[in-house]
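Visitor: In my numbering, the protein residues as written are 7 to 367. Ideal Cβ placement from N, Cα and C applies to all residues, glycine included. Model, not experiment: these values are computed from the prediction. Just passing along the structure, written as C-alpha cells.
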Ligand SMILES: Cc1cc2nc3c(=O)[nH]c(=O)nc-3n(C[C@H](O)[C@H](O)[C@H](O)COP(=O)(O)O)c2cc1C
C-alpha cells in the first residue's frame, strides 16, 4: 500500500478562509502562487490544484490567477509536484483543451492532470455571454466533451459526432511519452458527476465533510458502471492543526470571527450560485459554520496534531488517496503541516504496513 498524497489549493483568488485577514493580506498574484507551489514542492507536498475562475468569484474588482497559463509555467518551474488545472467544458473546445493539456503534460514530464468541473457560478458565464445551461444539461455537455478529450489525450485519432460536437479524424501529436495520458480528476457531487467520473475519470474529488458521508459517497461512486482501473478518491479539506485541541479551536474561532466581515460577499456569491448544485441541497448546507471552500473545515481536520493525523488515517482507510488542503495564513500553516503532520502520517503509514507484514508474513 502506498501512502496518502497531500496537495495544496493554489491561491487563485486569494485566501480560502476569511477574506479580510490582517495576517493574510489579499494576494492572488502569479508571484505569490509561484513561490507557494515551489515551496510546497520543497516541503514534500505531492500535488497542487489550480481552480479555474475567469473572474474573481467574490468580487470582480479583485485579482484572479488564470489557471492554464499558470499551470504551464508551474510545470516548467517544478520537477516533482503534480500540477492539476481545473476546466469548465463550455469555456474551451475539447480539441483545443486536449492540445493544451498534452502540452503541459510534456512540459511537466508527465505530472499533469485536469480537473473537470461543471460550474456553479452563473455570473461567470452570463456576463461573458456563454449560455449557462441547467445543471444536468451542463453535465451532459461535460460528458460528451470529456469523451473527446480523453481519447485525444490517449493519442487516438478521433471521430465523434454528438449533440454538441462534430470532430472528424482529429489526432494530436506528439502523443504522451510518459504514460497512457494525463490524469483526469472530476469535482462535483451530484449523480451526473458520479456517472461522469466513473465513465471517464481517474480520481473523484469530494467536498470536505464528515467521514460517514464520505464513505457513503465513495460507495455510491464505486457502484457505478466502470471499465478499467478502479476509481480513486480525493478529499478537499481546510486544516487547522495545533499542539492542543484547545489551541486549534481558538484558531478556528478567530478565523470564524474574521469571516463575519465577508457577509456581503458571501450573500452576493450565494445569489450567483446555481440553486441546483448538489452542495446546496445536502447536509452540507445544514452544517455547522465552517472555514474554507469546498467543505473546508467540515471535513473535521481541526484539532491537535494527533487528532488531525488520526482523522486523516481514517479517511485514508475509507479510500481517500489524495488530500487537497487549504490553510490560513496559507504559507505559515502549510509549513506547520509539513513539519508536524507529514512525519506523523508517514510514521503511522510505516507502522500500519509493518502490521500488515506481521499478519500476512
Ligand atoms: C475539489 C473541487 C474543485 C472544484 N473546482 C472548481 C473550479 O475550479 N471552478 C469552478 O467553477 N468550480 C469548481 N468546483 C465546483 C464544481 O464546479 C461543481 O459545480 C460543484 O461541485 C457543483 O456540482 P454538483 O452539483 O455536481 O455537486 C469544484 C468542486 C470540487 C469538489
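1) Could you compute how far the alpha carbon of residue 170 sits from the alpha carbon of residue 326?
2) Are there 16 or more other CB atoms within 10 angstroms of the CB of residue 131, so buried, or fewer, so exposed?
3) Suppose you measure from the CA of residue 172 to the CA of residue 43; what does that come to, to the nearest Å?
4) Have a look at residue 89 and residue 281 and give me their C-alpha separation to the nearest angstrom.
5) Should residue 20 be listed as close to ligand 1, given that the test is whether its C-beta is under 8 Å from any heavy atom?
6) Quick one: what's got a C-beta closer than 8 Å to residue 38's C-beta in the same chain, skipping five residues either side?
7) Between residue 329 and ligand 1, is the CB less than 8 Å from at least one heavy atom?
8) Do residue 91 and residue 107 count as a contact pair if the criterion is CB distance below 9 Å?
9) Within the same chain, show all residues whose beta-carbon is closer than 8 Å to that of residue 25, passing over the 5 residues directly before and after it, in chain order.
10) In the DSSP assignment, find the unbroken beta strand (DSSP E) run with residue 248 in it and report its ends.
11) On a Cα-Cα basis, can you pick out the residue from 11, 329, 66 and 322 that is closest to residue 274?
12) Between which two residues does the alpha helix (DSSP H) harbouring residue 322 extend?
13) What do you get for residue 222, buried or exposed, if any count of 16 or more other CB atoms within 10 angstroms of its CB means buried?
14) Where do the N-terminal and C-terminal ends of the alpha helix (DSSP H) with residue 39 fall, by residue?
15) Within the same chain, show all residues whose beta-carbon is closer than 7 Å to that of residue 86, passing over the 5 residues directly before and after it, in chain order.
16) Is the closest heavy atom of ligand 1 to the C-beta of residue 6 under 8 Å?
17) Confirm the yes/no value for this check: CB of residue 219, any heavy atom of ligand 1, distance under 8 Å.
Guide: In terms of the structure at hand:
1) Here residue 170 refers to the residue found at position 164 of the chain shown. Here residue 326 refers to the residue found at position 320 of the chain shown. Counting only the Cα atoms, residue 326 lies some 34 Å from residue 170.
2) Here residue 131 refers to the residue found at position 125 of the chain shown. So residue 131 counts as buried.
3) Stepping through the chain shown from its first residue, residue 172 is reached at position 166. Stepping through the chain shown from its first residue, residue 43 is reached at position 37. Residue 172 and residue 43 have their alpha carbons spaced roughly 38 Å apart.
4) As a working note, residue 89 is residue 83 in the chain shown. As a working note, residue 281 is residue 275 in the chain shown. The alpha-carbon atoms of residue 89 and residue 281 are separated by roughly 31 Å.
5) The residue given as residue 20 occupies position 14 in the chain shown. No, ligand 1 has no heavy atom inside 8 Å of this Cβ.
6) Numbered from 1 along the chain shown, position 32 holds the residue referred to as residue 38. The answer, listed in chain order, is 17.
7) Start at 1 with the first residue of the chain shown, and residue 329 comes out as number 323. Annotation for residue 329 indicates a beta carbon at 8 Å or more from all heavy atoms of ligand 1.
8) The sequence position of residue 107 within the chain shown is 101, counting from 1. The sequence position of residue 91 within the chain shown is 85, counting from 1. Going by beta carbons, residue 107 and residue 91 fall inside the 9 Å limit.
9) For the purposes of this step, residue 25 is taken as residue 19 along the chain shown, with counting starting at 1. Correct list, in chain order: 32, 64, 265, 267, 268 and 271.
10) Position 242 of the chain shown, counting from 1, holds the residue named residue 248. Note, residue 248: beta strand (DSSP E), 246-248.
11) For the purposes of this step, residue 274 is identified with residue 268 of the chain shown, where counting begins at 1. Put simply, of 11, 329, 66 and 322 the residue whose alpha carbon is nearest the alpha carbon of residue 274 is 66.
12) Stepping through the chain shown from its first residue, residue 322 is reached at position 316. 311-324 is the extent of the alpha helix (DSSP H) around residue 322.
13) Looking up residue 222 in the chain shown gives position 216. By the neighbour-count rule (16 or more Cβ atoms within 10 Å), residue 222 is not buried but exposed.
14) In the chain shown, counting from the first residue as 1, residue 39 sits at position 33. Residue 39 -> alpha helix (DSSP H) spans 36-49.
15) Residue 86 sits at position 80 when you count from the first residue of the chain shown. Only 47 meet the Cβ criterion.
16) The structure shown does not extend to residue 6, since the chain is modelled only from 7 to 367, so the question has no answer here.
17) If you number the chain shown from 1, residue 219 lands on position 213. Every heavy atom of ligand 1 is 8 Å or more from the Cβ of residue 219, so no.
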